[in-house]
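Residue numbers (the working numbering): 18 to 464. Glycine included, each C-beta is placed from N, C-alpha and C at the ideal position.
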Amino acid sequence: MKGLIDTLKNIWKIEDLRSRILTTLGLLLVYRLGTMIVLPGIDPAHLGALKSQTADGVLGLLDMFSGGAFSNASIFALGIMPYISASIVIQLMGIAVPYFQRLQREGESGRRKINQITRYLTVVILILQAPGYLLNLHSTLPEAAFILKGFFFTASSVAILAAGSMFIMWLGEKITDKGIGNGISIIIMIGIIARLPFNFVAELGSRLEGQGGGLILLVLEIVILFVVFALTILLVQGTRKIPVQYAKRIVGNKQYGGVRQYIPLKVNAAGVMPIIFAQAIMFLPMAFVNYASSDSLSGVAAALSNYTGFYYNALFFVMIVLFTYFYTAITVNPTQMAEDMKKNGGFIPGIKPGKKTVDFLDTVMSRITLPGSLFLGWVAIMPAFAMLGGINSGFAQFFGGTSLLILVGVVLDTLQQIESHLLMRHYDGLMKSGRIKGKSPAGAAAY
């Protein structure tokens, strides 16, 4: 306890770090206040039906990422997900489209151009999504919920929703520049954490009921949750270090190279992207349940829409494994890594430069991706096992899935940045031994 207090004192002593943390907290407070401001023209007293609709499913996932703004009909209802979607599209186009490949190689100027294109694409996605959100409001809420109606309400709400999401994006960029951690990631994390107290209180209430199992069962759930968190940290931080030897070079009177470094290949280089891709596809059967022409098709669609059912989770698990290999293959480029090593006079001991190095890196990535993909699939279906164990659906989401991976990755990344500030000013780190490692670049791109 004394060590924790000393660490907090050291953090507070560093003026730059203190300012960054306070700036981050202030901007996050603005975000949380915005999630509670209802769209002009909607009566907040009639939002009960919308909250019931977002209890689970795809809308529940969107509500989780938006920090409850989706179910509040807030000005921030569309959240940061349109920007995330645009970033993913641009990232995938960087693999297939020569123009984006050229921008990626242009350094800082290319990165600024890519960011500008991403923002433009975000606006397009917002303009397309906002009318769909309003249409869902009209079909879900009673007529009495709409104080304003007609074209003026639709046009103003589309503009407000689009402006709200762009403002969230601006907040994220300011947190990254002036605060601590990755701003977009922290905003998503705060939205997820905001649901934790309510879900925990609901779980506590259910356990204290007559047949709920009592506090002993609740303590057991918390212990299991702690173990899952610990295993997820191992997944996020797991790496295979590939030794790289650099040849000696003498320039003038100075000697360069001649040292051994390591390439850290992540066990889970794909981050949360396989789960997001798989969930997007698994939501499709829900759309066909009411439109299936035969009883057999209706039965298949219903089976694949049951979140705790065997067929849903088995298919979900297999798709995550496949998407993990797919996303790792398009984000980790052994050929580029081998070329960069060769240009800088580096080589892997015992492996010839060129094609042999490419084959070696590809083989290593394939081998370490298998256990990573299997464990990622297990993490993704853990909420289903938690619900089958009697845990309420809201609290069960923290036992695995996208929310757990985002929480672990963002917390580790933020703590690593705080520790870097402490070490840079000759203070002890956050841990007595070892150092905190942040999340992978691929994981960062996912959120």
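Nonlocal neighbours in the same chain, by C-beta distance under 8 angstroms from isoleucine 31, ignoring five residues either side: Cβ neighbours of isoleucine 31 beyond the five flanking positions: His438, Leu439, Arg442, Tyr444.
Beta-carbon proximity check, phenylalanine 340 vs phenylalanine 392, cutoff 8 angstroms: Cβ distance not < 8 angstroms, so phenylalanine 340 and phenylalanine 392 don't count as in contact.
Test item: CB-CB of valine 349 and serine 390 under 8 angstroms: By the CB criterion at 8 angstroms, valine 349 and serine 390 fall outside the cutoff.
Serine 36 - DSSP class collapsed to helix/strand/coil: In the structure shown, serine 36 sits in a helix (DSSP, three-state: H, G or I).
At least three beta-carbon pairs within less than 8 angstroms, the region 47-63 to the region 162-180: With the cut-off at 8 angstroms, the region 47-63 and the region 162-180 touch.
As assigned by DSSP and simplified to three states, the class of valine 261: The answer is strand: DSSP assigns valine 261 an E or B state.
Simplified DSSP state of serine 88, which is helix, strand or coil: Look at serine 88 here: in three-state DSSP terms it is coil, with no helix or strand label.
Distance CB(glycine 181)-CB(isoleucine 204) smaller than 8 angstroms: The Cβ atoms of glycine 181 and isoleucine 204 do not sit closer than 8 angstroms to each other.
Close beta carbons around alanine 463, own chain, < 6 angstroms, minus the five adjacent residues each side: For alanine 463, the predicted model reports a pLDDT of 43, less than 50, meaning its position is unreliable; a value from the coordinates is still stated below. The residues are Gly288, Val289, Met290.
Proximal residues to tyrosine 342 (C-beta, below 7 angstroms), its chain only, five neighbours per side dropped: Around tyrosine 342: Thr386, Ser390.
DSSP bridge partner residues for isoleucine 365 (one or two, in chain order): Under DSSP, isoleucine 365 takes part in no beta bridge, so it has no partner.
Nearest-angstrom beta carbon gap, glycine 371 and alanine 264 [assumed within contact, 8 angstroms]: The beta carbons of alanine 264 and glycine 371 sit about 15 angstroms from each other, so the pair does not count as a contact at 8 angstroms.
Terminal residues of the alpha helix (DSSP H) in which tyrosine 9 lies: As shown, the chain starts at 18 and ends at 464. That puts residue 9 outside it, with no answer to give.
Buried versus exposed call for leucine 50 [16 or more other C-beta atoms within 10 Å across all chains shown]: Leucine 50 comes out exposed.
Residues bridged to threonine 256 [DSSP beta-bridge criterion]: DSSP, once it has assigned bridges, lists Lys283 as partnering threonine 256.
Runs of beta strand (DSSP E) lying entirely within the region 384-442, each at least 3 residues, in chain order: Listed in chain order, there is nothing to give.
Pairwise C-alpha distance: isoleucine 92 and leucine 225: Going from the Cα of leucine 225 to the Cα of isoleucine 92 covers about 37 angstroms.
For isoleucine 59, the residue or residues it bridges with in DSSP: Partner(s): Phe163.
Residue interval of the alpha helix (DSSP H) (run including valine 276): Looking at the DSSP string, valine 276 is not in any alpha helix (DSSP H), and its letter there is neither H nor E.
Buried or exposed (CB count within 10 angstroms, at least 16 for buried), aspartate 194: Classification for aspartate 194: exposed.
Touching by the beta-carbon criterion (3+ pairs, under 8 angstroms), the region 104-123 and the region 151-167: Because the criterion of three Cβ pairs below 8 angstroms is not met, the region 104-123 and the region 151-167 do not touch.
Contact set for tyrosine 279: own chain, Cβ-Cβ below 8 angstroms, skip 5 residues either direction: Counting only Cβ-Cβ distances below 8 angstroms, and skipping sequence neighbours, we find Lys258, Ile259, Pro260, Val261.
Backbone secondary structure at threonine 380 - three-state DSSP: DSSP, reduced to helix, strand and coil, places threonine 380 within a helical segment of the structure shown.
Valine 276 classed as buried or exposed, judged by whether at least 16 other C-beta atoms fall within 10 angstroms: Exposed.
Phenylalanine 416, buried or exposed, once every other Cβ within 10 Å from all chains shown has been counted against 16: The Cβ neighbour count for phenylalanine 416, taken over all protein chains shown within 10 Å, is at least 16; the residue is labelled buried.
For phenylalanine 93, the three-state DSSP class (helix, strand or coil): Coil.
Three-way DSSP call (helix, strand, coil) for leucine 188 in this model: Helix, per DSSP.
Residues of its chain near glycine 127, where Cβ-Cβ distance is below 7 angstroms and the 5 sequence neighbours each way are ignored: Scanning its chain for C-beta atoms nearer than 7 angstroms, with the 5 sequence neighbours on each side dropped, one finds around glycine 127 the residues Leu120, Gln121, in chain order.
Beta-carbon proximity check, isoleucine 142 vs serine 102, cutoff 8 angstroms: Going by C-beta atoms, isoleucine 142 is nearer than 8 angstroms to serine 102.
For glycine 96 and alanine 86, believed in contact at Cβ under 8 angstroms, the rounded distance: Contact check for alanine 86 and glycine 96: beta-carbon distance about 6 angstroms, within the 8 angstroms limit, so the pair qualifies.
Alanine 401, buried or exposed, once every other Cβ within 10 Å from all chains shown has been counted against 16: With 16 or more Cβ atoms within 10 Å of its Cβ, alanine 401 is classed as buried.
Sequence-distant residues of the same chain with beta carbon closer than 7 angstroms to histidine 282, five excluded per side: Sequence check: residue 282 is leucine here, not histidine. Within the same chain, leucine 282 has close Cβ partners Thr256, Arg257, Ile259, Val381, Met382, Ile385.
DSSP state of alanine 295 mapped onto helix, strand, coil: In the structure shown, alanine 295 adopts helical secondary structure according to DSSP, grouped into three states.
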